[in-house]
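Protein chains in written order, with this note's numbering: chain A, 135 to 645; chain B, 1110 to 1388.
Glycine included, every Cβ here is placed at the ideal spot set by N, Cα and C.
What you are looking at is a predicted structure, and each value in this text was computed from that prediction instead of being measured.
Contents: one structure, followed by commentary.
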Amino acid sequence: MFLLRALFFMCSFCLFIYAQDIQTEQTNANSDTLLEKLKEDLDKAKGTLDGLNESFAETKTTVDKLSKIKISGYIQFQYRMATNYKEATDTTGTGASPLGKTNPVGKYLYPVGDFAGGKFGDGIGSMLQIRRARIKVAYESKLTTGVVQLDCLPFTMSNAVNSVTQAQDTSKKVSTTQTSFLSGGGITLKDAYFRFTDPWIETISLKAGYFDRPFGFEIGYSSSNRESPERSRLFQTLFPLERDLGLSLELVPSGRMPEWLSLFNFKGGAFTGNGINVETDDYLDYIGRFGFSVMSQHLQIGLDGGVSGYFGKVKNYNDTTYFFNADKKIFEPSTGYKYQGINRKYYGLDLQFYASLPFLGGFTLRGEGISGYQPCFSANNSSPKSNVTSSSPVYLRNILGYYLMWVQNIDAINSQFVLKYDSFDPNTLINGNDIDSAHVKLQKVSPADLMFNTLGLGWVYHWNENVKIMAYYEMVNNEKVAPDMIKNKDFFVYTNPIKANVFTLRIQYKF
Amino acid sequence: MKNINKIFLFAISIVSLIFFMSATSKKVITVKGSDTMVILAQRWAEEYMAKNPDITVQVTGGGSGTGLSALINGTTDIANASRPIKKSEIERIKQRYNTFGYETKVAKDGITIYVNEGNIVSELSLSQIKSIYLGQITNWKDVGGDDAKIVLYGRENNSGTYVYFRDNVLDGKDYSSTMQSLPGTAAVVNAVSKDKYGIGYGGAAYAKGVKIVKVKKDDNSKAYDPTLENIKDNNYPITRFLYMYTKTKPEGIVKNYIDWILSAEGQEIVSKVGYFPVK
């Protein structure tokens, strides 16, 4: 019995061992299969990951390229009102002139709004308009930039620069052509330039194309940032459309340069002097500004500024050039100037002081002045802005203009208060009182020789980073001529202060 | 005259409306910017709000550039930055606010070089780090490690750390195109902790689960860890300040907050988080 039990026990034990062996073999076989499967899966995942990495690298390359393209722009929608519409227009149909000239009722006696976003048309005392609608595309890499900016002007803007009534028939041809250019509407080119910066000290750049002239402060100050609706009268007159075609050298010290050097900068180059249009003469205009910028971040004060120069020529298509005789107070003709270049020279100084007031915020006081010589025409004191070729004789005037501006931030209400005064005297050698009925014919002067001052008051509210609302009121004052000019058809309106004040309410969306 | 009256009435209405809209009492301080400073900024905010229950401090990251853009756009009161403000950013502040931005140094940081805990490399010279990130050294064996390809991790270009590292370690040169840009120091640390042959850089406070590499100024110098003593003694070669920027000199509740950050209490938090006090 015992033996039987022992035999049974041994058989069971053997069976158990055998079963264990089989199970172990099976487990090992399963583990191997699992490992192989895992390896396969891992290889697959690795392949997928490699594929994703490649795809990521490709996408990154594309995104990196695309991130160099920057699109920005702004739209300015505004309402403008000629607040003295009735006083500025002919309400009688007689031209309000002792000469008895018949005008339609509602015709403006003098230009209104011409430096405040465009001249009001006869019979129009207020208007809604899109003042600027710009889109800028820039491709920016570390050392190169290419920019194209377009402007869309759906409204006819009239002549934004010619401020004066046509006095001498000799200049009519010029003026008509310019007005036609400005009122074209549609899409116009604002900027088209490229810039290369040296790779060694990243300080010297070469810029070529169509861009802001490097003169003073206000020209380069973007319309989207400016606290007044328009630039000062002197800049609109001397630098119409702000841009010119040319080649410029810029020295703006980078962080690689000594710190003291970064206080200074220089921009200057050669330009056609014709604004947007093609070159019409052999003369190049040389424009430049040497600037500085100092500040104390601790004291929160700073001073920026610069001196600028413009040295160019305007081609005379007429044999005669008129020079102003300061003693006699008359324009005197001089012959032998056909196809000769008449000097266009400006000297400028600009300063911008920055500081902060407790509880209000930062403020800036800006001032800028220009004097020089302006070759233009009898009834037109503005610089050429297109390839106008006129047979009218050139009139050379001594000019002086300046503006002073105070911009006070009121941070608590996201606003800015603005006070601006600008003055432009297109002929410093004659006063308004010198223009009288006894001498005016001999003097050969026109309203283009009169000085205008403008006082502006404004409020800018920054709704958010995109939207800005501006309310601005500007009051225009003119240099008065002698009272006896009341009988002169060109000057009678300037015997008293004109009523050309304009209120502007603007909403700007920037993106 | 009638027209002028209308205009003045209109102007007064607009001004009144604006005052009315802005009349809400402000007890919220918004802080935005450097990802390096997010942990620190959050700790400051928590402590300050606990002591001043009527004040809310909202902290978000996004990078130094993002913070400074928000300051310029008026969407934050304080911009945190792990690099000094750029000239172009000062110009934008000047244009909008007629100020220059006001800088307050709130902490010091040693930019830390991270490698995986399994990496045998324990020290690097500045020139080796530079060559690695310029893509001139691509194998660990060239700096005393295994024979394996170096995998570069770094920050995106809106990061102050990215700019500081490029300007001060790479001497202004561009990073190797093989560097993987990640959206935060935490992401860099995470990537390096999982990649045996990865290398990354970032704030000292984030160095968890990775190995900190000692850094030496040149091949003949001694290598140092980014510790308080080494940073104080200027032995650790990659140090920088951490900044808070406001539009102008801080006033009101913002001033109180920054003053508290610079106090012993605020600076103690700097040490606790893993950065170095400025006072």
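Specify, as a first and last residue, the run of the alpha helix (DSSP H) that lysine 1364 of chain B falls within.
Lysine 1364 of chain B -> alpha helix (DSSP H) spans 1361-1371.
Could you have a look at valine 448 of chain A and say whether DSSP puts it in helix, strand or coil?
DSSP places valine 448 of chain A in strand when its eight states are reduced to three.
When you compare only the Cα positions, how much space is there between asparagine 598 of chain A and leucine 1180 of chain B?
Cα to Cα, the separation comes out at about 12 Å.
Once you ignore the five residues that flank serine 201 of chain A on each side, which residues in its own chain have a CB closer than 8 Å to its CB?
Excluding residues within five positions, none has a Cβ falling inside 8 Å.
Would you list, in chain order, the members of the segment 387-404 of chain A that have their beta-carbon closer than 8 Å to a beta-carbon of chain B?
Those would be Gly389, Arg390, Ser396, in chain order.
Looking at C-alpha atoms only, which residue of A:Phe626, A:Asn630, A:Tyr480, A:Lys554 is the closest neighbour of alanine 365 of chain A?
This sequence places arginine at residue 365 of chain A; alanine is not what is there. It is A:Lys554 whose Cα lies nearest to the Cα of arginine 365 of chain A.
Is glutamine 1167 of chain B close to chain A? Criterion is C-beta to C-beta, closer than 8 Å.
So no, glutamine 1167 of chain B is outside the interface.
So which residues of chain C does phenylalanine 1209 of chain B contact, with C-beta pairs closer than 8 Å?
Within the model displayed, chain C is absent; protein chains A and B are what it includes.
What span of residues does the alpha helix (DSSP H) with phenylalanine 126 of chain A cover, start to end?
In the structure as shown, chain A begins at 135 and stops at 645. Residue 126 of chain A is therefore absent and cannot be evaluated.
Less than 8 Å between the CB atoms is what I'm expecting for proline 348 of chain A and serine 382 of chain A, so what's the real figure, rounded?
Contact holds; Cβ gap of about 6 Å.
Does the beta-carbon distance from isoleucine 1241 of chain B to tyrosine 1310 of chain B come in below 8 Å?
No.
Closer than 7 Å by beta-carbon distance: list the chain B residues that pair up with valine 131 of chain A, in chain order.
With chain A running from 135 to 645 in the structure shown, residue 131 of chain A is simply not present.
What are the residues of the segment 1159-1192 of chain B that lie near chain A, defined by any Cβ-Cβ distance shorter than 8 Å?
So the list reads Asn1182, Gly1183, Thr1184, given in the order they occur along the chain.
Would you report the Cα separation of isoleucine 620 of chain A and aspartate 224 of chain A, rounded to the nearest angstrom?
For isoleucine 620 of chain A and aspartate 224 of chain A, the distance between alpha carbons rounds to 15 Å.
Identify whether threonine 1094 of chain B lies in helix, strand or coil by the three-state DSSP scheme.
Residue 1094 of chain B falls outside the range modelled here, since chain B spans only 1110 to 1388, and no answer is possible.
Does the beta-carbon of serine 356 of chain A have 16 or more other beta-carbons within 10 angstroms, so that it is buried, or is it exposed?
Flag for serine 356 of chain A reads exposed.
For chain B, check one thing: does any of its Cβ atoms lie closer than 8 Å to the Cβ of asparagine 548 of chain A?
Yes, because at least one Cβ of chain B sits closer than 8 Å to the Cβ of asparagine 548 of chain A.
Under a Cβ-count criterion, where at least 16 other Cβ atoms within 10 Å of its own Cβ denotes burial, should serine 275 of chain A be classed as buried or exposed?
Classification of serine 275 of chain A: exposed, given that the 10 Å Cβ count is below 16.
Who are the neighbours of glutamine 496 of chain A on chain B, taking C-beta pairs under 7 Å?
Residue identity check: residue 496 of chain A is glycine in the sequence provided, not glutamine. Residues of chain B passing the Cβ test: Tyr1206, Asn1207, Thr1208, Thr1357.
Per DSSP, what kind of secondary structure is serine 1173 of chain B in: helix, strand or coil?
Here serine 1173 of chain B sits in helix by DSSP.
Could you tell me the alpha carbon to alpha carbon distance between alanine 1159 of chain B and tryptophan 1369 of chain B, rounded to whole angstroms?
Going from the Cα of alanine 1159 of chain B to the Cα of tryptophan 1369 of chain B covers about 13 Å.
Interface residues of chain B around phenylalanine 493 of chain A at Cβ under 8 Å?
Under the 8 Å cutoff, chain B gives Glu1360.
Using 10 angstroms around the beta-carbon of valine 412 of chain A, count the other beta-carbons present and answer buried if the total reaches 16, otherwise exposed.
Counting Cβ neighbours within 10 Å, valine 412 of chain A comes out exposed, since fewer than 16 surround it.
If you drop the 5 nearest sequence neighbours on each side, which residues of the same chain put their C-beta closer than 6 Å to that of phenylalanine 330 of chain A?
If we look at phenylalanine 330 of chain A and ignore the five residues flanking it on each side, its Cβ neighbours are Thr278, Leu340.
Quick one: using the 10 Å Cβ neighbour count with 16 as the cut-off for buried, is leucine 316 of chain A buried or exposed?
Bear in mind that a pLDDT of 40 at leucine 316 of chain A, under 50, signals an unreliable position, so the model cannot answer this.
Could you spell out where the alpha helix (DSSP H) holding tryptophan 1153 of chain B opens and where it closes?
Unbroken alpha helix (DSSP H) run through tryptophan 1153 of chain B: 1147-1160.
Report yes if the CB atom of valine 1137 of chain B is closer than 8 Å to the CB atom of alanine 1154 of chain B, and no otherwise.
No, these two residues do not count as a Cβ contact at 8 Å.
Where in the segment 339-390 of chain A do unbroken runs of the beta strand (DSSP E), each at least 3 residues long, occur, reported from the N-terminal end onward?
As far as the segment 339-390 of chain A is concerned, its whole beta strand (DSSP E) runs of at least 3 residues are 377-385.
Comparing the C-beta of glutamate 1212 of chain B with each C-beta of chain A, is any distance below 8 Å?
It does; some Cβ of chain A falls within 8 Å.
What separation, rounded to the nearest whole angstrom, lies between the Cα atoms of tyrosine 1384 of chain B and aspartate 332 of chain A?
Rounded to the nearest angstrom, the two C-alpha atoms are 38 Å apart.
Check whether the segment 439-458 of chain A touches the segment 412-426 of chain A, taking contact to mean three or more Cβ pairs, one atom from each stretch, closer than 8 Å.
Yes, since at least three Cβ pairs between the segment 439-458 of chain A and the segment 412-426 of chain A fall closer than 8 Å, the two stretches touch.
Determine the closest residue to glutamate 384 of chain A out of A:Pro560, A:Asn162, A:Gly402, with distance taken between C-alpha atoms.
Out of A:Pro560, A:Asn162, A:Gly402, A:Gly402 has the C-alpha closest to the C-alpha of glutamate 384 of chain A.
Helix, strand or coil for aspartate 175 of chain A per DSSP?
Aspartate 175 of chain A falls in the helix class under three-state DSSP.
Answer with yes or no whether the minimum CB distance from asparagine 359 of chain A to chain B is below 8 Å.
Chain B contact via Cβ: present.
Between lysine 1203 of chain B and chain A, is the shortest Cβ-Cβ distance under 8 Å, so that the two count as touching?
Cβ-Cβ to chain A under 8 Å: yes for lysine 1203 of chain B.
Show which residues of chain B have a CB atom less than 8 Å away from the CB atom of glutamate 599 of chain A.
The answer, in chain order, is Asn1182, Gly1183, Thr1184.
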